[in-house]
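These protein sequence lines map, in sequence, to chains F and R.
Each residue of the first sequence is one higher than the one before, starting from 1 at the first, in my numbering.
Each residue of the second sequence is one higher than the one before, starting from 1 at the first, in my numbering.
We treat Cβ as the ideally placed atom computed from N, Cα and C, and that holds for glycine.
Data first, discussion second: the structure below is written as structure tokens.
Number of protein chains: 2
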Amino acid sequence: MEAERTLREEDLTRLGELAAQLRVDSIRCSTRAGSGHPTSSLSAADLLAVLMSRHLRYDWAEPRGRANDHLILSKGHASPLLYAVFKAAGAITDEELVETYRQFGSRLQGHPTPVLPWVDVATGSLGQGLPVGVGIALAGRYLDRLPFRVWVLCGDSEMAEGSIWEALDKAGHYGLHNLTAIVDVNRFGQRGPTELEWDLDTYRRRVEAFGCQALVVDGHDLVAVDEALGRARQATGPTVVLARTVKGRGVPEIENQPGWHGKQLEPEMAERAVDALGGVRQTRVTTPRPEPAPSAAARPPGQPPVLPRYDKGAKVATRNAYGDALRALGSRTDVVVLDGEVSDSTRADRFAEAHPDRYFEMFISEQQMVAAAVGLQVRGYRPFASTFAAFFSRAYDFVRMAAVSQADIALVGSHAGVEIGADGPSQMGLEDLAAMRAVHGSTVLYPSDAVSCAALVAQMPDRKGVNYLRTTRGGYPVLYDNDDTFPVGGSKVLRGGGDDHVALIGAGVTVHNCLAAADELAREGINARVVDLYSVKPLDRQRVLDAARDTGGRLVVVEDHHPEGGLGSAVLESMADVAEPVRVAHLAVRKLPTSGKPTELMDAAGIGVSAIVAAARASVPQRG
Amino acid sequence: MEAERTLREEDLTRLGELAAQLRVDSIRCSTRAGSGHPTSSLSAADLLAVLMSRHLRYDWAEPRGRANDHLILSKGHASPLLYAVFKAAGAITDEELVETYRQFGSRLQGHPTPVLPWVDVATGSLGQGLPVGVGIALAGRYLDRLPFRVWVLCGDSEMAEGSIWEALDKAGHYGLHNLTAIVDVNRFGQRGPTELEWDLDTYRRRVEAFGCQALVVDGHDLVAVDEALGRARQATGPTVVLARTVKGRGVPEIENQPGWHGKQLEPEMAERAVDALGGVRQTRVTTPRPEPAPSAAARPPGQPPVLPRYDKGAKVATRNAYGDALRALGSRTDVVVLDGEVSDSTRADRFAEAHPDRYFEMFISEQQMVAAAVGLQVRGYRPFASTFAAFFSRAYDFVRMAAVSQADIALVGSHAGVEIGADGPSQMGLEDLAAMRAVHGSTVLYPSDAVSCAALVAQMPDRKGVNYLRTTRGGYPVLYDNDDTFPVGGSKVLRGGGDDHVALIGAGVTVHNCLAAADELAREGINARVVDLYSVKPLDRQRVLDAARDTGGRLVVVEDHHPEGGLGSAVLESMADVAEPVRVAHLAVRKLPTSGKPTELMDAAGIGVSAIVAAARASVPQRG
């Protein structure tokens, strides 16, 4: 190892040549595309030249190999540099790089996405790559127990994001010696100097205070960079290489100049720059090979879960059913759980007690929690992350990006809606259905009872994309038999089913209000169908159409959520192109809630039993 | 001042009595409510007893007085303590405190909200009070230039939120000597020990590295606390009092015990505890008086803005119109602007150049940016905050809480939708309409041209609540006359208006696609009405109903947004209870986008001209 770390003269020449090639290619592809971030690539070219040549253990022919190191471009806009690295590694051709970068139909997009097999996660929303790297490193240290490393290239601008400090804090807390952040401190953000510019000492003090080892280097001194990366590989804790660099390095006319962020060089200038850098090269680099690792199949899969069973009619909170189902799912060795310091409320603590080795406490850092879930699924795990439904709003950008990353994750939000009672509106998830539905490819579930909740939770680990399930704080009667099935995209009819006068459509807690309303309406001679739309996305469209047809188009939709974008919208969207007239009475939380008891708050919001009865009654023609 | 800061024996006795009263009242009200967080209140009782008696300059009779200090309970769950302070100050009665806390209809909610005149902003989503405090302190130091101070009581659990570090970073950067965070380090979070427990030294190093002065004290030593708060008042930069405290302090049977977060004492235990603390008291405290300050009227209001004018047909990006209008609005001295390091893209730089004294660069910290806007409006300013539409998702919890705070803020998101082109999906705002619409009391605007954009931007500072406007990256023709009016809640008909065959409904960039489609349809003999729904929320329902009636229910809604919760949903929600049959063809971004040119991406998403033409054609019955 020692010998390997001593750079000889010919190594240096070779590295310098490679760095020049990375610069040349970054310029060429962005100039050809007519857009992109060459100067942000130029500053980090020396860093990645050294990394890929001497420290990144990676088998380019087997990008999903379990022994590979991981390289994450947290500063996703420097995609020209990353793609130039891919070319130098022989993973893509020069032609693909230069001819297709940023073009429609190309896999070389403006910011990297996992459409490329060598890219673990999409980046481009700054401050996300490092938190995801923490998740991958958690897997490496605590689950896989493999010697791969996680290398994350960060920009200096993104160090202003709080999520970076959540990540370094957790890296320190969990002792992630297998994680190295390389910060390209080139002093310039998009619109001018960064907050700290070249104040490397302040960066150093922050990084150290957050429990990581800082290694300050000149990011253009190949020997110093090599030494720092070598030290990072030997470190006993997480490392942050703080590299002082020059934006636009290698093209003197734009080096260290403001106004050059996100701008390609015009063709003539590009030609001059490429010439000055020694012209176009087609050097192919061999990166260090990873140590052989056992295949994923070596991990015993565990036992099939035995789901909890509940007595019909017993009052059980769906959050309890989540905890019970989660604990049962723990029999699968690929299921891991994260929580944001509220596991006693979400009931994730039931998993943590049974499977402490696969539970990671993220404390109150919801962004890091979701990012860690994304990182864990990169390594093949099926992560669940839970907090209050309201607090997933803290991580919404991470959820959005998880979808772009095509990540398969399960998110469970408790304490949804005004039903939570006395804690008041700050704790009430009232926007979560809208926000989660709007995420590309997402699944949104909202079970009304413990049986359906457990059945849906059990399906989440095997589903693609972002899967969100909403649980309720209070205990409500178990409605279903333990052997009932609850396919995603399905629904249940709990009352009626023939020529009903009106259909009451709810999900979660409002299903119980609909049932009570149906009982009351029955006493008035109004037959109300009650539909449980536990699958908010995808929605059981046929069930809604049937209800509309059978009732003459009289629907009452009730949700413990703001009126925009939630269950009501989902129902209306599903009927957008239906020719028959349908009248939907849409009951939702339209006023700012307060504290109070659950029933008081649901009544005040107009989603309680009496409001449903009134809406149903109003929809049905007066009878003699 | 020196004399004032020396605590005499009788002062200490008095403070001890007050602290005991605050503890007793925290216990009484939560026990009576049957829920709440007494132990989190007990740990901080000594801190607030000293603060309110000797350092908080506040006129309780005039809570909106401009000279008052600000007290923010960032650890909002300790509301029993805050309300006990209000009682000790004579602001509320003992009866209100004990009889109404957490009850339905009470203003003493589970977490504080500005329903109470002494509360600036709602708290309860942890890690938000301090960032808001930064905004208030920015106003004090740079705009009001008044000597008031901002005191923020933080919990230790919330120090794990990245937003806290965004806040301290900005406090340091802007030299906010008028800001003091008091951290109640009681070692326990909700579900057990915090990450750092009583590691005050690590907290100290982090705080100092982020540019603030740390003052470490025993939070139960009244003399030490008094001295620290006195030093904070004299400091030349932001201060963080790190107070080592004991959770449950004052009730020996639960002191420093896990399992007591968020639990009231049962009546018998509460009675014992109150007795041990010396029983119920009705002590009234006189807090220091603020120095007199000039009234807000003393600030010259400035000039009415002269909005930019544009030539019809000229291609102008709406983001440019935002920048132009913003610069014009700068003639009003109450308009202030924040941006997240992308002002050259959002065009907020046009304001920054003209009015640098009222522009605050937040660098890449969107959470802090929105929080600062909330803080600035507490002081009567009309803040605008802008970044890419996609990146407001980073601050979604802050936007949600701004609504609970009844804050009046303007948020402007640029680079919306697939229209942005080559940068790819990480930079595309495709969930923002859904997310922003779901916020309580919000306004959501999406202008199609420069004239309407400027007119809408000009209305934003005078509107209540969260106001969101979405701008487009590319330049599109100016559609309207400079003297047209664009009321919020309105819309425009750009083509047709009589017995049209079909109505094409768009907003923002898709209006232009609808116009081109209408031209094409006209050549086929299909008369298409084109409706510009620039006000997505509130929506011009009547315009939609008219279009449905006039066209026989044939609507095509086109949006550069995911299909859930956006413009299409808004249109469908508005017609929920309409009896006539309406068929809406809903064109939206249903696949994960890539890089490409704007027209390529809109066509690929099925929201381009040809898709609109096809949808319209399909909706119109075949004619002979």
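Short of 6 Å from the beta carbon of residue 441 (chain F), and not among the five residues preceding or following it, lie these beta carbons of its own chain, in chain order: 403 and 465. The C-alpha of residue 51 (chain R) lies about 37 Å from the C-alpha of residue 355 (chain R). Rounded to the nearest angstrom, the gap between the Cα atoms of residue 181 (chain F) and residue 168 (chain F) is 9 Å. The beta carbon of residue 43 (chain R) sits closer than 8 Å to those of 184, 186, 219, 245, 246, 247, 248 and 249, all from its chain and outside the five residues before and after it, given in chain order. Rounded to the nearest whole angstrom, the CA to CA distance from residue 76 (chain R) to residue 107 (chain R) is 14 Å. Per DSSP, residue 239 (chain R) is one residue of the beta strand (DSSP E) stretching across 239 to 244. The stretch 18 to 34 of chain F makes contact with the stretch 259 to 269 of chain F: 3 or more CB pairs, one atom from each, lie closer than 8 Å.
Looking from the CA of residue 172 (chain F), the closest CA among F:137, F:158 and F:195 belongs to F:137.
The beta carbon of residue 400 (chain F) sits closer than 7 Å to some beta carbon of chain R. Distances from the alpha-carbon of residue 157 (chain F) to those of F:196, F:165, F:325 and F:176 put F:196 closest. In terms of beta-carbon proximity, residue 299 (chain F) stays away from the interface with chain R, with every pair separated by 7 Å or more.
Going by DSSP, residue 527 (chain F) is part of no alpha helix (DSSP H) at all; its letter is neither H nor E. Sequence-distant partners of residue 305 (chain F) (beyond 5 residues in either direction) whose C-beta falls short of 7 Å from its own C-beta, in its chain, are 328, 329, 331, 332 and 458.
Residue 369 (chain F) and residue 190 (chain R) have their C-alpha atoms some 17 Å from each other. Neighbours of residue 364 (chain R) in chain F, taken as residues whose beta carbon is under 8 Å from its own, are 126, 127, 157, 158, 160, 161 and 189 in chain order. Counting the other CB atoms within 10 Å of its CB gives residue 308 (chain F) a total of 16 or more, which places it among the buried residues. About 15 Å separates the beta carbons of residue 472 (chain F) and residue 422 (chain F), which is beyond the 8 Å limit, so they are not a contact pair. Take residue 62 (chain R), set aside five residues on each side of it, and the residues of its chain with a beta-carbon closer than 8 Å to its own are 68, in chain order.
Rounded to whole angstroms, residue 561 (chain R) and residue 111 (chain F) show a C-alpha spacing of 20 Å. Chain F places a beta carbon closer than 7 Å to that of residue 583 (chain R), counting this residue as a contact. A Cβ-Cβ distance of about 6 Å is found for the pair residue 534 (chain F) and residue 448 (chain F), placing them in contact under the 8 Å criterion.
Residues of chain F with a Cβ closer than 7 Å to the Cβ of residue 343 (chain R) are, in chain order, 191. Residue 49 (chain R) places its beta carbon 7 Å or farther from that of residue 23 (chain R). Take residue 468 (chain F), set aside five residues on each side of it, and the residues of its chain with a beta-carbon closer than 6 Å to its own are 411, 436 and 444, in chain order. At least one C-beta of chain R is nearer than 7 Å to the C-beta of residue 431 (chain F). Burial is judged here by how many other beta carbons sit within 10 angstroms of a residue's own beta carbon; residue 361 (chain F) has at least 16 and is buried. At least one C-beta of chain F is nearer than 7 Å to the C-beta of residue 396 (chain R). Ranking R:113, R:452, R:96 and R:60 by CA distance to the CA of residue 78 (chain R) puts R:113 first. Less than 7 Å divides the Cβ of residue 378 (chain F) from the Cβ of residue 120 (chain F). Residue 522 (chain R) has a beta carbon lying at 7 Å or more from every beta carbon in chain F.
Along the stretch 399 to 484 of chain R, the beta strand (DSSP E) occurs as fully enclosed runs of 3 or more residues at 409 to 414, 443 to 445, 466 to 470 and 475 to 477, listed in sequence order. The Cβ of residue 74 (chain R) sits no closer than 7 Å to any Cβ of chain F. Counting other Cβ atoms within 10 Å of its Cβ, residue 510 (chain F) reaches 16 or more and is therefore classed as buried. Of the candidates R:526, R:393 and R:175, R:393 places its Cα closest to the Cα of residue 433 (chain R).
For residue 419 (chain F) and residue 34 (chain F), the gap between their C-alpha atoms comes out near 53 Å. Taking the Cα positions, residue 382 (chain F) is about 11 Å away from residue 338 (chain F).
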